Amino acid sequence: MLEIRGLTVRYGSADVLSNVDLTIGTGEVVTLLGSNGAGKTTLFCVLSGLVRPSSGTVTFMGEDLARMRAGRIVERGIAQCPEGRKLFAQLSVEKNLMLGGYVHRGDRRAMKQSFESIIALFPALEAKLGAPAGSLSGGQQQMVAIGRALMARPKLLLLDEPSLGLAPLVLQQTLDAVAAINRTGTMVLLAEQNAYAALAIAHRGYVISDGRIVLEGTAADLRENDDVRRAFIGA
Ligand code: ATP
Numbered sequence: 007m008l009e010i011r012g013l014t015v016r017y018g019s020a021d022v023l024s025n026v027d028l029t030i031g032t033g034e035v036v037t038l039l040g041s042n043g044a045g046k047t048t049l050f051c052v053l054s055g056l057v058r059p060s061s062g063t064v065t066f067m068g069e070d071l072a073r074m075r076a077g078r079i080v081e082r083g084i085a086q087c088p089e090g091r092k093l094f095a096q097l098s099v100e101k102n103l104m105l106g107g108y109v110h111r112g113d114r115r116a117m118k119q120s121f122e123s124i125i126a127l128f129p130a131l132e133a134k135l136g137a138p139a140g141s142l143s144g145g146q147q148q149m150v151a152i153g154r155a156l157m158a159r160p161k162l163l164l165l166d167e168p169s170l171g172l173a174p175l176v177l178q179q180t181l182d183a184v185a186a187i188n189r190t191g192t193m194v195l196l197a198e199q200n201a202y203a204a205l206a207i208a209h210r211g212y213v214i215s216d217g218r219i220v221l222e223g224t225a226a227d228l229r230e231n232d233d234v235r236r237a238f239i240g241a
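Just so we're on the same page, our numbering is the position in the sequence shown counted from 1, plus 6.
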């Protein structure tokens, strides 16, 4: 469904992504493991049309994304939930969610369906719909950020470090929600530093270091891999 080949991104004279190959198949959760500055967010921003490749190809369901504008990419079925959530803190939870459904603004039925499915997934948000998003706990804000991306009804959800700053129990609840989203057929690309938890819900994974893919495999293989254990899990 998604195929990235030979992707290189340069900021000035520095290669931030070098010759990256990555695929996502129907129904998959794929995790991208890497430390700070490895290039995960840059890869996501390429997929969202916010950063342009210097070379390489990116296709989604047969269409070239590399030159597609960001709004069109959302229409085609890719939505990004950014690192740090990036909510509109002063706006209500409900308005934050509705903004995510902007591409479907002409289809009130679709908007209502999406909204109801997000509340079913995150029931804790129901009592908070009128509250400013910035007043919620970290875990609830993460729910809003994921819900906002889901309002676009994506086929592929890009989740950039959803566990950042969350307590372990809340992290687990967040990743359980991601697994539930995947069970409805949505593909997920999940960037995480919390490798053990991410690999538990992923089908496959890639390890990125200094902008290069240095390892790939099934989630089970990566969990057993000595280098992954040393770098991310603790041997
Ligand atoms: P983090 O988890 O810390 O966000 P990351 O794996 O998502 O890490 P990126 O944010 O993609 O990594 O950054 C990759 C590299 O590119 C880093 O060295 C970063 O400093 C650099 N970088 C990111 N954005 C820019 C930019 N706009 N201009 C120049 N360099 C940048």
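Backbone N, C-alpha and C fix where the C-beta goes; we use that ideal spot for every residue, glycine too. Bear in mind that the values here come from a model prediction, so they are computed numbers and not experimental data.
Please classify residue i as buried or exposed, where buried requires at least 16 neighbouring CB atoms within 10 angstroms.
i, result
"K118", "exposed"
"M193", "buried"
"D232", "exposed"
"D70", "exposed"
"R255", "Because the chain spans 7 through 241 in this model, residue 255 falls outside it and cannot be assessed."
"T190", "exposed"
"P88", "buried"
"G18", "exposed"
"A241", "Summary for A241: the model assigns pLDDT 45, below 50, so the residue's position carries little reliability; its value from the coordinates is reported in the next sentence. Label assigned to A241: exposed."
"G83", "buried"
"G107", "buried"
Measure the CB-CB distance between residue i and residue j and report whether it falls below 9 Å.
i, j, result
"G28", "Y212", "One point to set straight first is that residue 28 is Leu, not Gly, in the sequence displayed. Their beta carbons are under 9 Å apart, which means L28 touches Y212 by this criterion."
"P160", "A85", "yes"
"R91", "A151", "yes"
"L205", "T47", "no"
"L23", "G43", "no"
"L142", "A155", "no"
"R16", "V64", "no"
"L8", "I30", "yes"
"R229", "Y202", "yes"
"L103", "G153", "yes"
"M149", "L131", "yes"
"T32", "D21", "no"
"I125", "L163", "no"
"L93", "G140", "yes"
Could you tell me the distance, in whole angstroms, from the CA atom of residue i to the CA atom of residue j?
i, j, result
"E100", "S123", "13 Å"
"V26", "A133", "43 Å"
"G171", "L39", "17 Å"
"Q147", "S120", "18 Å"
"A208", "M157", "22 Å"
"A95", "A173", "21 Å"
"G55", "R78", "9 Å"
"A225", "E198", "13 Å"
"D200", "R75", "According to the sequence as given, residue 200 is Asn; it is not Asp. Taking the straight line joining both Cα atoms gives about 31 Å."
"G62", "V52", "11 Å"
"L105", "D182", "24 Å"
"A72", "I219", "19 Å"
"L127", "E81", "23 Å"
"I214", "R111", "37 Å"
"T180", "P129", "13 Å"
"D216", "V234", "15 Å"
"G1", "R115", "What is shown of the chain runs 7 to 241, which leaves residue 1 out entirely."
"A185", "L221", "23 Å"
"S60", "G68", "20 Å"
"P138", "L177", "22 Å"
"G223", "E34", "13 Å"
"D227", "F238", "14 Å"
"V109", "S41", "33 Å"
Regarding residue i and ligand 2, is the C-beta to nearest heavy atom distance less than 8 Å?
i, result
"T14", "Absence of ligand 2 is noted for the structure shown, with ligand 1 being the only ligands found."
Legend entry - Secondary structure, beta strand (DSSP E): runs of 3+ residues fully inside the stretch 81-153: 84-87
Inset, instruction - Identify every run of the beta strand (DSSP E) within the stretch 20-76, keeping only runs that are complete inside it and at least 3 residues long; order them along the chain. - result: 20-30, 35-39 and 61-66
Inset, instruction - Kindly provide the ranges of any alpha helix (DSSP H) runs that are 4 or more residues long and lie completely inside the stretch 175-231, ordered along the chain. - result: 201-207 and 225-230
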